[in-house]
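Undergrad:
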Amino acid sequence: MQTTDEPIRVLHIDDEPDFAEVAAELLEKQDDQFDVEAVTDSDEALARPIGTEFDCIISDYEMPERDGIELLKRVRDVYPELPFILFTAKGSEEVASEAISAGVTDYLQKGAGTSQYTVLANRIKNVVNQHRSQQAAQDAERKLTQLAERTDDLLFIFSNSHNEIGFINSAYEDIWGRDTASLREDPGQLLKSVIPDDRDRFSQAVERLSAGTSDAVEFRIERPDGEIRWIRSELKPISDEDGTVVRIVGVGRDITERVERQRELERVKQRYQALLENTMDVTTVLDGDGRISYQSPAVERLLKYEPEEMVGDVVFDYIHPDDREHVTQQFTELIEQSETATKRLTFRLQHSDGTWVWVETIGSNQTDTEVDGYVFNSRDITAREEYRQRLETMLENLPGYVYRHRDKSEYPLEFVKGSVEAVTGYTSAELTQEVGLAEEIIHPDDRADVRSESRAESDENESYEHTYRILTKSGDTRWVWERGRRVQDPVSGDPKLEGFITDITDQKERERQLQQQKQQLDEFASVVSHDLQNPLSVAQGRLELMRTEYDSEHIASLDRALTRMETLIDDLLTLAREGTRVQETGAVDLAELFEQCWQSVSTAGATLHTQLDRTVHADRNRLAQVLENLYRNAVEHGGSDVQVTAGELDDGFYIEDDGAGIPVAERENIFESGHSTNGGTGLGLTIVRQIVEAHGWEISVTDGTDGGARFEITLYSSS
Numbered sequence: 003m004q005t006t007d008e009p010i011r012v013l014h015i016d017d018e019p020d021f022a023e024v025a026a027e028l029l030e031k032q033d034d035q036f037d038v039e040a041v042t043d044s045d046e047a048l049a050r051p052i053g054t055e056f057d058c059i060i061s062d063y064e065m066p067e068r069d070g071i072e073l074l075k076r077v078r079d080v081y082p083e084l085p086f087i088l089f090t091a092k093g094s095e096e097v098a099s100e101a102i103s104a105g106v107t108d109y110l111q112k113g114a115g116t117s118q119y120t121v122l123a124n125r126i127k128n129v130v131n132q133h134r135s136q137q138a139a140q141d142a143e144r145k146l147t148q149l150a151e152r153t154d155d156l157l158f159i160f161s162n163s164h165n166e167i168g169f170i171n172s173a174y175e176d177i178w179g180r181d182t183a184s185l186r187e188d189p190g191q192l193l194k195s196v197i198p199d200d201r202d203r204f205s206q207a208v209e210r211l212s213a214g215t216s217d218a219v220e221f222r223i224e225r226p227d228g229e230i231r232w233i234r235s236e237l238k239p240i241s242d243e244d245g246t247v248v249r250i251v252g253v254g255r256d257i258t259e260r261v262e263r264q265r266e267l268e269r270v271k272q273r274y275q276a277l278l279e280n281t282m283d284v285t286t287v288l289d290g291d292g293r294i295s296y297q298s299p300a301v302e303r304l305l306k307y308e309p310e311e312m313v314g315d316v317v318f319d320y321i322h323p324d325d326r327e328h329v330t331q332q333f334t335e336l337i338e339q340s341e342t343a344t345k346r347l348t349f350r351l352q353h354s355d356g357t358w359v360w361v362e363t364i365g366s367n368q369t370d371t372e373v374d375g376y377v378f379n380s381r382d383i384t385a386r387e388e389y390r391q392r393l394e395t396m397l398e399n400l401p402g403y404v405y406r407h408r409d410k411s412e413y414p415l416e417f418v419k420g421s422v423e424a425v426t427g428y429t430s431a432e433l434t435q436e437v438g439l440a441e442e443i444i445h446p447d448d449r450a451d452v453r454s455e456s457r458a459e460s461d462e463n464e465s466y467e468h469t470y471r472i473l474t475k476s477g478d479t480r481w482v483w484e485r486g487r488r489v490q491d492p493v494s495g496d497p498k499l500e501g502f503i504t505d506i507t508d509q510k511e512r513e514r515q516l517q518q519q520k521q522q523l524d525e526f527a528s529v530v531s532h533d534l535q536n537p538l539s540v541a542q543g544r545l546e547l548m549r550t551e552y553d554s555e556h557i558a559s560l561d562r563a564l565t566r567m568e569t570l571i572d573d574l575l576t577l578a579r580e581g582t583r584v585q586e587t588g589a590v591d592l593a594e595l596f597e598q599c600w601q602s603v604s605t606a607g608a609t610l611h612t613q614l615d616r617t618v619h620a621d622r623n624r625l626a627q628v629l630e631n632l633y634r635n636a637v638e639h640g641g642s643d644v645q646v647t648a649g650e651l652d653d654g655f656y657i658e659d660d661g662a663g664i665p666v667a668e669r670e671n672i673f674e675s676g677h678s679t680n681g682g683t684g685l686g687l688t689i690v691r692q693i694v695e696a697h698g699w700e701i702s703v704t705d706g707t708d709g710g711a712r713f714e715i716t717l718y719s720s721s
């Protein structure tokens with residue numbers, strides 16, 4: 003008795019219950035695989051999912067509801083491949099022919115004895131095994147097809163004669179741009195799609211396959227749209243039992259992108275090589291011992307060495323002795339760190355002439371790449387380093403120091419350089435390492451103002467400046483002036499405060515002394531005003547009384563003396579109280595001011611002509627003093643009938659008269675204090691010059707149009 007692991011489920015349909023039961027029992031005894039169920043009603047059988055419950059149907063022919071042929075047709079409508087054996091007592095060629103036409107799997111006529119069940123059992127096993135094999139093959143083919151359709155690669159089977167296609171997946175349509183149906187009709191179009199330059203190579207590979215040799219070939223095809231694609235095909239011959247090649251199995255892959263990448267890599271490699279040969283930066287590759295395995299051509303420009311001469315040398319032999327230990331340590335760390343680690347170094351390399359060249363180098367660990375080494379890119383920074391050293395020397399000699407704060411709580415210092423210890427008593431290290439110390443040295447009474455002014459939110463690059471006191475390390479109080487701005491760190495993007503602080507204690511002391519002197523001058527002016535002007539007023543009053551009582555030639559002389567004394571006192575008071583200061587400035591209409599000042603001066607029979615249409619930015623009161631002094635000077639030197647003219651220049655204005663003028667030899671001295679040619683105070687033109695220069699202007703004297711004196715005021719000094 004044969005036994006297998008997989009049972010065979012059989013449904014036996016017969017309208018005679020006894021026969022159906024006996025047949026079922028006898029079949030099960032034939033083989034342990036059989037599991038037979040007997041039913042007498044065909045409707046009952048059709049109502050069940052017999053295609054999933056059973057592997058085979060056995061049916062009688064003559065039954066009351068419908069005969070076996072009708073039942074077969076009903077089964078085939080739903081289960082076209084389910085094994086169906088017609089087992090009937092009525093055997094005839096007509097029934098057999100009709101059964102075959104209806105799709106019966108097998109036909110067996112009932113007979114006497116139990117031997118017929120042995121035959122039936124064999125028939126059942128045969129049709130079931132055949133059906134299962136077909137299903138397995140169909141499943142395998144379906145899975146293979148599904149797998150083939152999931153891949154982007156071309157899968158194909160050709161006959162050895164190349165004129166018949168056994169299998170080809172849809173990737174052909176995606177890669178070739180042609181449909182598989184047309185290829186099946188004309189397999190020769192595959193070779194036709196290969197571009198002419200590659201056809202010989204492709205044909206030679208096919209010939210080797212026909213000889214039984216596997217091969218791989220790369221070639222180009224032209225799609226219907228004209229696009230060229232690169233294909234790599236791996237081909238294998240399939241032989242029969244006699245060793246004759248009967249089929250060719252192959253895989254085709256579109257490698258266009260890979261070929262283009264390789265070409266691009268080659269182009270990049272060529273560009274990179276050209277860059278290495280022409281760049282000013284020097285590229286050096288070291289092994290783990292620090293020996294040079296590659297040196298770019300740029301080293302010849304930088305150090306005047308031939309690149310080939312340096313290969314094999316230990317790079318540290320070229321490094322300045324003072325820098326060697328640090329560079330060696332950094333190189334060791336680079337070796338010990340991960341493949342992505344980098345180092346930035348600054349050191350000196352020896353030139354072939356024995357001098358030293360400063361370089362900035364970025365090193366990276368490239369041991370996990372094709373480079374298989376440690377790559378260092380170096381740039382000449384000699385000029386920058388020398389500038390930095392000069393700058394540091396300059397900073398060390400500045401009367402102050404530069405700084406950079408982080409814009410955060412307590413404003414920690416990142417950098418401070420210059421005469422910081424001379425100003426504060428603290429070293430740079432103390433101020434940078436002790437967080438908050440830079441804030442603590444600000445005088446408590448000034449700290450809040452400094453913080454609010456310089457640390458307040460402001461736009462980037464907006465500057466601030468202020469004056470405040472600090473407490474030095476020794477406890478002394480010193481005045482400093484600070485100017486700074488808010489910047490953004492170029493790397494982190496964090497806000498920073500950077501600026502300059504200088505000691506102005508001596509300046510503050512001078513300002514205090516000047517203020518004290520000013521107060522003394524103010525007191526002096528008050529004394530002069532009170533103690534001198536009062537007696538002068540009495541003398542002038544007495545003189546007026548004398549005019550009414552006496553007619554003496556001495557009265558005129560006395561009047562001139564008192565007038566000169568009054569002018570002298572006015573000029574001295576002007577210098578003492580006003581000095582050269584320019585206070586509030588604004589827009590001043592020159593024509594209006596010239597007329598107003600003319601009315602304020604005793605001009606006797608003199609006349610004024612103005613040709614002005616200009617507005618200037620000036621201190622109106624101080625500019626009025628200039629005009630009044632120039633008017634007095636013209637009347638005093640040009641006579642009571644002098645004509646004064648005021649006009650514009652391209653960059654200023656002038657006042658001239660038609661008097662005697664000023665000799666060239668005296669022009670350089672007329673603005674000096676005390677200089678006078680007619681017994682005056684000698685202060686009038688001194689005051690004029692000081693006020694003009696306090697505005698940032700210039701004044702000069704030359705000949706007038708009619709021979710008199712001409713004073714020209716240039717509004718914007720060339721200095």
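Quick note: the sequence shown, position 716, residue 718 per the numbering used here, numbers continuous.
Every residue, glycine too, gets a C-beta built ideally from N, C-alpha and C.
1) Select from Asp315, Ser212, Asp176, Thr479 the residue whose C-alpha is nearest the C-alpha of Thr246.
2) With three or more C-beta pairs closer than 8 Å as the rule, is the region 210-224 touching the region 120-130?
3) Please state the DSSP three-state secondary structure of His677.
4) How many angstroms separate the CA atom of Asp524 from the CA atom of Glu555?
5) Between Arg381 and Glu362, what straight-line distance do the alpha-carbon atoms span, to the nearest angstrom?
6) Indicate whether Ile689 and Gln627 have their beta-carbon atoms separated by less than 8 Å.
7) Please report the straight-line C-alpha distance between Gln542 and Ile557, rounded to a whole angstrom.
8) Report the rounded CA-to-CA distance for Arg392 versus Thr704, giving the unit in angstroms.
9) Inspect the CB distances between the region 222-231 and the region 203-210 and report whether three or more fall short of 8 Å.
10) How many angstroms separate the CA atom of Tyr552 from the CA atom of Pro537?
11) Give the range of the beta strand (DSSP E) segment to which Ser241 is assigned.
12) With the cut-off set at 8 Å, would you say Ser642 and Ala589 are in Cβ contact?
13) List, from N- to C-terminal side, the beta strand (DSSP E) runs of 3 residues or more that fit wholly inside the region 80-126.
14) Once the 5 residues before and after Asp227 are set aside, which same chain residues still bring their CB inside 7 Å of it?
15) Considering Ile170, what are the terminal residues of the beta strand (DSSP E) in which it resides?
16) Reducing DSSP to helix, strand and coil, say where Phe158 ends up.
17) Closest to Asp62 by CA distance: which of Glu464, Ala91, Phe56, Glu55 is it?
18) Ordered along the chain, which non-local residues of its own chain (more than five positions away) have a Cβ less than 7 Å from that of Asp17?
19) Would you grab the beta carbon distance between Trp358 and Arg350 for me? Rounded to a whole angstrom, and I think it's under 8 Å.
20) Using a Cβ-Cβ cutoff of less than 8 Å, which residues in the same chain neighbour Val694 once the five nearest sequence positions on both sides are dropped?
21) Quick check on Ile230: buried or exposed, where buried means 16 or more other Cβ atoms within 10 Å of its Cβ?
22) I need the straight-line Cα distance from Val251 to Leu192, nearest angstrom please.
23) In this structure, how does DSSP classify Val694 when only helix, strand and coil are distinguished?
24) Check whether the Cβ atoms of Leu84 and Gly53 sit closer than 8 Å, and answer yes or no.
25) In the structure shown, what three-state DSSP assignment does His639 receive?
26) Starting from Lys31, follow the beta strand (DSSP E) in both directions and report where the run begins and ends.
27) Name the DSSP bridge partner or partners of Leu473?
28) Would you grab the beta carbon distance between Arg474 and Thr426 for me? Rounded to a whole angstrom, and I think it's under 8 Å.
29) State the Cα-Cα distance for the pair Met282 and Lys498, rounded to the nearest angstrom.
30) Counting C-beta neighbours from all protein chains within 10 Å, is the total for Phe378 16 or more, i.e. buried, or is it exposed?
31) I believe Ile294 touches Thr286 by the beta-carbon criterion, under 8 Å. Please report the beta-carbon distance rounded to the nearest angstrom.
32) Among the candidates Ala563, Thr612, His468, whose CA atom is the shortest distance from the CA of Arg487?
33) On the premise that Phe417 lies in contact with Arg408, defined as a C-beta separation below 8 Å, what is that separation, rounded to the nearest angstrom?
34) Excluding the five sequence neighbours on either side, which residues of its own chain have a C-beta within less than 6 Å of the C-beta of Arg669, listed in chain order?
35) Here's the rule I'm using: 16 or more other beta-carbon atoms within 10 Å means buried, otherwise exposed. How should Asp57 be labelled?
36) Select from Gln517, Asp708, Tyr470, Gly105 the residue whose C-alpha is nearest the C-alpha of His445.
TA: Here's the rundown:
1) Ser212
2) no
3) With a pLDDT of 49 at His677, under the threshold of 50, the modelled position of this residue cannot be trusted; read the value that follows with caution. Residue state, collapsed to three classes: coil.
4) 39 Å
5) 5 Å
6) yes
7) 11 Å
8) 49 Å
9) no
10) 22 Å
11) 230-241
12) no
13) 86-90, 108-111
14) Gly179
15) 167-170
16) strand
17) Ala91
18) Thr42, Asp62, Met65, Pro66
19) 4 Å
20) Val628, Glu700, Ile701, Ile715
21) exposed
22) 15 Å
23) helix
24) yes
25) helix
26) No beta strand (DSSP E) contains Lys31, which is instead part of the alpha helix (DSSP H) from 19-32.
27) Thr479
28) Residue identity check: residue 474 is Thr in the sequence provided, not Arg. Between Thr426 and Thr474 the Cβ distance is about 6 Å, and since that is below 8 Å, they are a contact.
29) 34 Å
30) buried
31) 6 Å
32) His468
33) Contact flag wrong, Cβ pair sits at about 10 Å.
34) Val703
35) buried
36) Tyr470
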